[in-house]
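Novice: The structure that follows is given in the form of structure tokens.
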Amino acid sequence: MLNTLKTLAKSSILVLLLFCAKSTIAQDGTIYPLETPDEPNAIPLGTGGVDDQPASETWFRQWGDPMARNITVASLTPFLPEPGKANGTTIIVAPGGGFRWLSLKNEGWDVAEALAAQGITAFVLKYRLHPTPESLDGFRESMNRTFDAASNPAQDEEPRPRPVQRDLSDQLEDAEAAYAMIVERAEEWGVDTDRIGMIGFSAGAGLTMHCTLNSQTMKLAFIGPIYGGMGPVKVPEDAPPMFNVIASDDFLFRGQFGIIDSWYKADIPVEFHLYQNGGHGFGLGNPNRTSNRWFDAFIHWLDVNSFLTAKSSE
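Mapping of the sequence shown onto mature numbering (1 follows the signal peptide of the UniProt record, and there is no 0): residues -26 to -1, 1 to 288, in sequence order.
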């Protein structure tokens, strides 16, 4: 029964992650084909493929950023601090994209580089995705249909029906494999296994929460859902501290504080930043938005909680 309640709560979070992108796409709906880039440091996780996926992985560019879809091979890309700067704290970064594409630069590589500059050992998780049409035109059309059906303004003031449950078993397996690899190679990468956290953006925030609520193998020291779903959840007794960020003009917010309230009532440390503006999908930030300071706040939160001070070797 407990797992059922967890799954229902998470599904409400995860499917809503698709809805919010409509307003962002309206700014520039142009999707350009992109040749698959080299990922020389990506390490395959060996978690298998995707059922009923006839299409191969393809890339496209939108809003100036490279993105990938139809991912069937999960991988982990390390972003290591400069020699002598590492403090042992490690973060798995999960980009977003509604589980149908991954915004790998804006919500992955750029974030990991910024973390590494702070002495944090960062890893971008390229997790498997649900299938999308093979052609780029078919992908555009499928996205437009999804967003048009999901963002009817007439329903904004009315309760939405419970969304269809998503199967995130592939994504959870990928995250658990990433965590296991980091622990196994901890000495090589300078990882303090007591200080491994996870942050995610949009759908990646949903995956972060899914791991927190369901994984039996990941022992996360902290989590950071960034502009993820805000509905209430059943909090595990051993849940980690949470740093949570969203903008008030994000489609996902809708005046909800459920997840914050859940953590607070469970008496587990939580820090919450509700920004005046920023919309959805802002990554490290967009010009002239109050949400641009979230990363500084996150680093300060890690520092105050003693995650940025290297442990003594004695």
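The beta carbon of each residue, even a glycine, is placed where N, CA and C say it ideally should be.
Note down, in chain order, each residue of its chain lying with its Cβ closer than 6 Å to the Cβ of T167, except the 5 sequence neighbours on either side.
Specialist: In the sequence shown, counting from the first residue as 1, residue 167 sits at position 193. Here the set comprises V157, A160.
Novice: What is the residue span of the beta strand (DSSP E) that D39 lies within?
Specialist: Along the sequence shown, one-based indexing puts residue 39 at 65. Unbroken beta strand (DSSP E) run through D39: 39 to 43.
Novice: Do residue 318 and L194 have their C-beta atoms within less than 7 Å of each other?
Specialist: This structure leaves residue 318 out entirely; the chain is present only between -26 and 288.
Novice: Alpha carbon to alpha carbon, how far is L24 from T186?
Specialist: Counted from its first residue, the sequence shown places residue 24 at position 50. Counted from its first residue, the sequence shown places residue 186 at position 212. What sits at residue 24 in the sequence shown is Val, not Leu. Rounded to the nearest angstrom, the two C-alpha atoms are 23 Å apart.
Novice: Taking Cβ to Cβ, would you say N15 is nearer than 7 Å to T51?
Specialist: The residue labelled residue 15 in the question sits at position 41 within the sequence shown. The residue labelled residue 51 in the question sits at position 77 within the sequence shown. Yes, these two residues count as a Cβ contact at 7 Å.
Novice: For A179, count the other beta carbons within 10 Å of its own beta carbon; 16 or more makes it buried, fewer makes it exposed. Which is it?
Specialist: Your numbering for residue 179 matches position 205 in the sequence shown. Buried, by the Cβ-count rule.
Novice: Pick out whichever of G252, G257, S265 has its Cα sitting closest to the Cα of L89.
Specialist: Against the sequence shown, residue 89 aligns to sequence position 115. With distances taken between Cα atoms, L89 lies closest to G257.
Novice: Whether or not the segment 26 to 39 and the segment 52 to 59 are in contact is what I'm after, with contact meaning three or more pairs of Cβ atoms, one per stretch, closer than 8 Å; do they touch?
Specialist: With the cut-off at 8 Å, the segment 52 to 59 and the segment 26 to 39 do not touch.
Novice: Using DSSP with H/G/I as helix, E/B as strand and the rest coil, what is V85?
Specialist: Against the sequence shown, residue 85 aligns to sequence position 111. Three-state DSSP puts V85 in a helix.
Novice: Hey, how far is the Cα of E115 from the Cα of P107?
Specialist: Here residue 115 is taken as the residue at index 141 of the sequence shown, counted from 1. Here residue 107 is taken as the residue at index 133 of the sequence shown, counted from 1. Their backbone Cα atoms lie some 9 Å apart in a straight line.
Novice: Are the CB atoms of P206 and G232 within a distance shorter than 7 Å?
Specialist: What you label residue 232 is simply residue 258 of the sequence shown in a count that begins at 1. What you label residue 206 is simply residue 232 of the sequence shown in a count that begins at 1. It is a contact, given that the beta carbons lie within the stated cut-off.
Novice: Name the DSSP beta bridge partners of S49, please?
Specialist: Taking the sequence shown and counting its residues from 1, the one referred to as residue 49 is at position 75. S49 is bridged to P18, K100.
Novice: Could you give the residue range of the alpha helix (DSSP H) that holds I197?
Specialist: Mapped onto the sequence shown, residue 197 falls at position 223. Careful: I197 lies outside any alpha helix (DSSP H), inside the beta strand (DSSP E) at 197 to 200.
Novice: What is the C-beta distance between N188 and L103, in whole angstroms, given that I count them as a contact (C-beta under 8 Å)?
Specialist: What you label residue 188 is simply residue 214 of the sequence shown in a count that begins at 1. What you label residue 103 is simply residue 129 of the sequence shown in a count that begins at 1. Wrong, their Cβ atoms sit about 19 Å apart, outside the cutoff.
Novice: May I have the straight-line CA-CA distance separating E211 from P7, to the nearest angstrom?
Specialist: For the purposes of this step, residue 211 is identified with residue 237 of the sequence shown, where counting begins at 1. For the purposes of this step, residue 7 is identified with residue 33 of the sequence shown, where counting begins at 1. If you take the alpha carbons of E211 and P7, they lie about 46 Å apart.
Novice: May I ask which residues mark the beginning and end of the alpha helix (DSSP H) holding N188?
Specialist: For the purposes of this step, residue 188 is identified with residue 214 of the sequence shown, where counting begins at 1. Taken as a continuous stretch (DSSP letters only), the alpha helix (DSSP H) holding N188 covers 177 to 188.
Novice: Please name the residue or residues paired with W237 in a DSSP beta bridge.
Specialist: As a working note, residue 237 is residue 263 in the sequence shown. W237 is not bridged to any residue.
Novice: Could you give the first and the last residue of the continuous beta strand (DSSP E) run that contains L8?
Specialist: Mapped onto the sequence shown, residue 8 falls at position 34. Counting along the chain, the beta strand (DSSP E) containing L8 begins and ends at 6 to 8.
Novice: Short of 6 Å in beta carbon distance, which residues of its chain neighbour P243, apart from the five on each side in sequence? Order them along the chain.
Specialist: Here residue 243 refers to the residue found at position 269 of the sequence shown. Answer for P243: P215, listed in chain order.
Novice: Does the beta-carbon of D277 have 16 or more other beta-carbons within 10 angstroms, so that it is buried, or is it exposed?
Specialist: One-based indexing of the sequence shown puts residue 277 at position 303. By the 10 Å Cβ count, D277 comes out exposed.
Novice: With 16 as the cutoff for other CB atoms within 10 Å, does Q250 come out buried or exposed?
Specialist: Numbered from 1 along the sequence shown, position 276 holds the residue referred to as residue 250. Result: exposed.
Novice: Taking only three categories from DSSP, how would you classify M192?
Specialist: Within the sequence shown, residue 192 is the residue found at index 218, counting from 1. Reduced to three states, the DSSP call for M192 is coil.
Novice: Go ahead and label H274 buried or exposed: buried means 16 or more other beta carbons lie within 10 angstroms of its beta carbon, across all protein chains shown.
Specialist: Position 300 of the sequence shown, counted from the start, is the residue given in the question as residue 274. By the 10 Å Cβ count, H274 comes out exposed.
Novice: Can the beta-carbon of F73 be found less than 7 Å from the beta-carbon of A151?
Specialist: Looking up residue 73 in the sequence shown gives position 99. Looking up residue 151 in the sequence shown gives position 177. Contact: no.
Novice: Is G252 near A221, with beta carbons less than 7 Å apart?
Specialist: One-based indexing of the sequence shown puts residue 252 at position 278. One-based indexing of the sequence shown puts residue 221 at position 247. Contact flag set, yes.
Novice: Starting from H274, follow the alpha helix (DSSP H) in both directions and report where the run begins and ends.
Specialist: By 1-based counting over the sequence shown, the position of residue 274 is 300. Taken as a continuous stretch (DSSP letters only), the alpha helix (DSSP H) holding H274 covers 268 to 278.
Novice: Taking the CB atoms as reference points, tell me whether G198 and F217 lie closer together than 7 Å.
Specialist: To locate residue 198, count along the sequence shown from 1; it is residue 224. To locate residue 217, count along the sequence shown from 1; it is residue 243. In this structure, F217 lies closer than 7 Å to G198 by Cβ.
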